[in-house]
Amino acid sequence: MSIDVNNESGTEVDEQAILDIARYALARMRIHPLSELSVIVVDADAMEQLHIQW
0 MSIDVNNESG
10 TEVDEQAILD
20 IARYALARMR
30 IHPLSELSVI
40 VVDADAMEQL
50 HIQW
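No gaps in the numbering here: position 17 of the sequence shown is 16 in our numbering, and each next residue is one more.
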């Protein structure tokens, strides 16, 4: 399982904790081990723009 974490928020985050919970959740959901996951951490302004866009 390939998991990519990108922090674009400008705030320090615990990337290892994000990886750990993502691995746990994907294993519990029995997601195929060759799947890929990208997690992008953004600030509130970026989240607002994504909300408007989608």
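Glycine residues also receive a C-beta, built at the ideal position from the N, C-alpha and C atoms.
Being a predicted model, the structure only gives us computed values, none of them experimental.
Residue i versus the options, residue with shortest Cα-Cα distance
| i | options | result |
| --- | --- | --- |
| residue 17 | 39, 43, 52 and 45 | 39 |
| residue 21 | 52, 7 and 0 | 0 |
| residue 9 | 49, 53 and 41 | 41 |
Distance between residue j and residue i (C-alpha atoms, nearest Å)
| i | j | result |
| --- | --- | --- |
| residue 47 | residue 7 | 14 Å |
| residue 43 | residue 36 | 22 Å |
| residue 11 | residue 5 | 11 Å |
| residue 24 | residue 13 | 17 Å |
Can you list, in chain order, the stretches of the beta strand (DSSP E) that have 3 or more residues and sit fully within the region 19-45? 35-40
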